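Residue numbers (this note's numbering): 28 to 722.
Worksheet: the structure to be examined is printed underneath.
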């Protein structure tokens with residue numbers, strides 16, 4: 028055994044500190060929650076099952092936790108994360124922000140982000156905690172690709188003294204695993220592998236935590252198998268080493284570059300040589316500043332495999348906690364354990380009472396049975412059609428009356444079932460409704476029931492935001508050379524997938540500038556939730572059909588585009604190629620509407636002319652006989668006429684009006700002359716308007 032070096036000693040001490048400050052208790056609770064979710068006999072402890080077996084009593088599982096949790100997981104599965112950016116400062120602009128959004132979407136698709144997010148979200152709901160890990164991978168691309176991994180929550184030990192969600196506020200984080208020699212060489216290099224071999228720190232990994240009675244889940248969980256056979260006495264032939272992978276914050280004087288225009292400060296060690304040269308050429312100034320940095324130390328029990336500053340600005344770990352309160356974490360399963368155990372015990376007790384009532388016992392006189400003895404009666408007394416023969420003169424065997432099911436056992440079952448729904452998700456969220464309930468009502472209830480998942484979903488949104496910010500920084504730092512991305516988008520007309528080629532960081536010799544430079548500027552992250560494609564299209568298709576039923580002219584191509592027809596793209600292309608003949612009925616309806624509009628305009632003009640003519644005739648009468656103005660005004664008020672101008676309704680004749688005009692016989696102001704009702708055959712609209720003389 029080698030002597031522990033300083034880094035290994037510090038890492039091991041910190042590991043034990045985190046383990047003893049609550050991680051072992053967390054692992055025990057996580058293991059219990061995992062068993063309660065999976066069921067299959069795991070909801071009963073081995074000690075309880077042993078007692079029940081000794082008493083010949085049943086133990087049943089009515090697993091209500093799994094469907095409730097699956098309903099919550101289903102919401103995340105049906106919705107994907109959509110990341111976008113908007114310019115905030117520096118040389119950021121909207122065009123580059125849109126380009127970045129497409130690049131990051133491509134990165135997330137390559138990393139299988141949606142499925143890995145489901146794993147992390149499921150870990151958080153069941154085991155309280157889930158973890159992403161972001162790193163750069165240079166195995167398949169020398170320029171580097173962003174790699175997204177997930178970790179077993181029991182392998183990750185956060186800072187025991189931290190109390191905030193964001194890992195930037197933690198002092199450190201530890202990932203502890205058992206790794207084989209090839210895994211050490213692949214992750215940390217051949218030099219680290221040589222150190223591990225010389226450390227003599229190899230051991231056996233059965234999933235437990237240094238002798239603690241807590242196992243981490245894996246494919247093989249049986250630890251009772253023999254470790255040797257006739258041909259191999261070294262276990263499975265592989266050496267494994269417990270690795271303490273620790274990232275911690277330190278404050279040190281650091282070489283930095285200060286940008287002249289924006290004042291941004293960048294750590295030189297976290298910049299490539301090309302980025303440093305470009306910044307210096309742009310006028311950046313070197314300076315020594317106190318900066319918060321990440322020290323990355325990887326050790327076995329006694330030796331250091333890696334000790335350097337992290338190339339990243341944040342911990343590689345991004346956490347998800349379903350319920351988080353000042354460092355205390357809970358999942359969806361924790362509070363369901365009590366109701367689930369009450370349900371299992373109530374059902375098992377109910378079945379036990381029913382079983383015992385079938386063979387409650389017998390009262391027999393001593394040596395009165397002739398065809399069997401009392402021991403045989405004890406075994407066969409509950410058989411259907413059993414025949415008991417007793418001696419003449421002896422008392423007939425009597426069956427002991429069984430006790431009834433205690434009052435309240437059935438109510439306890441109902442109460443436990445309801446409590447499970449109260450602490451997980453309502454039944455409406457599962458869609459379990461009778462046939463008499465409409466689909467719209469079910470959807471409304473499901474939407475309302477999502478409020479119960481508001482906290483886990485809000486925390487998921489926070490985790491997505493943290494993840495997107497870190498992905499953006501990795502893209503802007505490591506995707507600084509010329510790259511080509513092929514983005515597949517859907518054509519809005521045909522619905523077909525269209526490939527778009529994006530060239531980023533392309534040098535233009537003519538201008539000496541880089542085109543589509545995604546390394547410049549700072550951006551805000553906008554994370555939204557979008558339905559999965561199939562779910563989204565189904566919803567859009569139903570809405571389009573409903574709108575057409577209500578008379579809204581939704582084009583046929585739109586309805587087909589949102590359908591799930593396997594050859595809908597070919598159908599849309601055929602529809603575009605074919606010239607649709609005009610519908611004669613539609614053209615006739617259009618002409619009818621135009622004619623009706625023209626008629627209305629003509630009638631309105633005629634009425635206006637008629638009103639003007641009548642008004643002129645009335646004015647002529649008042650001019651000749653001024654006394655009629657007051658009488659006309661009174662008559663109009665009596666008839667309910669509303670004046671649009673100042674009172675009086677009918678004004679007095681102006682002073683100096685010329686008398687002596689030859690007035691018509693009809694001088695009634697209530698029935699003035701109307702161009703449609705001429706005074707004589709020779710008088711009318713034509714005579715009154717086309718001649719200068721008054722009618």
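Don't be surprised by glycine CBs; every beta carbon is placed ideally from N, CA and C.
No experiment lies behind these values; they were computed from the predicted model shown.
{"Query": "If residue 439 and residue 373 are in contact, beta carbons under 8 angstroms, what's the gap, nearest whole angstrom?", "Result": "5 angstroms"}
{"Query": "Closer than 6 angstroms by C-beta to residue 174: which residues in its own chain qualify, once you throw out the five before and the five after it? Chain order, please.", "Result": "162 and 164"}
{"Query": "Counting pairs of Cβ atoms below 8 angstroms between the stretch 487-502 and the stretch 344-355, do you hit three or more?", "Result": "yes"}
{"Query": "In whole angstroms, what is the alpha-carbon distance linking residue 30 and residue 198?", "Result": "27 angstroms"}
{"Query": "Can you grab the Cα-Cα spacing for the pair residue 36 / residue 221, in whole Å?", "Result": "19 angstroms"}
{"Query": "Going by DSSP in three states, residue 109 sits in which element: helix, strand or coil?", "Result": "strand"}
{"Query": "Kindly give me the distance between the Cβ atoms of residue 133 and residue 514, rounded to whole angstroms, as I take these residues to be in contact under 8 angstroms.", "Result": "6 angstroms"}
{"Query": "From this set, 70, 287 and 337, which residue's C-alpha is nearest residue 313's C-alpha?", "Result": "287"}
{"Query": "Please confirm whether residue 204 and residue 230 have their CB atoms less than 9 angstroms apart.", "Result": "no"}
{"Query": "Where does the unbroken beta strand (DSSP E) through residue 205 begin, and where does it stop?", "Result": "199-207"}
{"Query": "Residue 350 bridges to which residues according to DSSP?", "Result": "357"}
{"Query": "Go to residue 315, then tell me how far its beta strand (DSSP E) extends in each direction, as first and last residue.", "Result": "312-326"}
{"Query": "For the alpha helix (DSSP H) holding residue 734, just list the boundary residues, first then last.", "Result": "No statement about residue 734 is possible, as the shown extent of the chain runs from 28 to 722 and does not include it."}
{"Query": "Based on the DSSP secondary-structure assignment, which residues constitute the bridge partners of residue 176?", "Result": "160"}
{"Query": "Is the beta carbon of residue 183 sitting closer than 9 angstroms to the one on residue 498?", "Result": "no"}
{"Query": "Using DSSP bridges, identify the partner residues of residue 279.", "Result": "318"}
{"Query": "Looking only at its own chain, which residues have a Cβ that is under 6 angstroms from the Cβ of residue 41, when we skip the five neighbours before and after it?", "Result": "none"}
{"Query": "Inspect the beta-carbon positions of residue 483 and residue 152 and report whether they are closer than 9 angstroms.", "Result": "yes"}
{"Query": "Considering just the uninterrupted stretch of the beta strand (DSSP E) at residue 124, what are its terminal residues?", "Result": "Careful: residue 124 lies outside any beta strand (DSSP E), inside the alpha helix (DSSP H) at 121-137."}
{"Query": "Residue 419 to residue 399, Cα distance in whole Å?", "Result": "15 angstroms"}
{"Query": "May I ask you to list the residues that DSSP assigns as paired with residue 551?", "Result": "113"}
{"Query": "With three or more beta-carbon pairs closer than 8 angstroms as the criterion, would you say the stretch 531-538 touches the stretch 275-295?", "Result": "no"}
{"Query": "From residue 320 to residue 200, what distance separates their C-alpha atoms?", "Result": "14 angstroms"}
{"Query": "Quick check: the Cα distance between residue 43 and residue 328, rounded to an integer number of angstroms?", "Result": "12 angstroms"}
{"Query": "Helix, strand or coil: how does DSSP classify residue 567 here?", "Result": "helix"}
{"Query": "Quick check: residue 380 and residue 436, are their CB atoms within less than 9 angstroms of each other?", "Result": "yes"}
{"Query": "Comparing alpha-carbon positions, which option in 159, 594, 505 and 242 lies nearest residue 171?", "Result": "505"}
{"Query": "Can you grab the Cα-Cα spacing for the pair residue 358 / residue 280, in whole Å?", "Result": "41 angstroms"}
{"Query": "With 16 as the cutoff for other CB atoms within 10 Å, does residue 193 come out buried or exposed?", "Result": "exposed"}
{"Query": "Could you tell me whether the stretch 352-367 touches the stretch 56-69, where touching means 3 or more Cβ pairs closer than 8 angstroms?", "Result": "yes"}
{"Query": "Pop quiz: residue 267 and residue 292 are said to be a contact at Cβ under 8 angstroms. What is the actual Cβ separation, rounded to whole angstroms?", "Result": "Contact flag wrong, Cβ pair sits at about 43 angstroms."}
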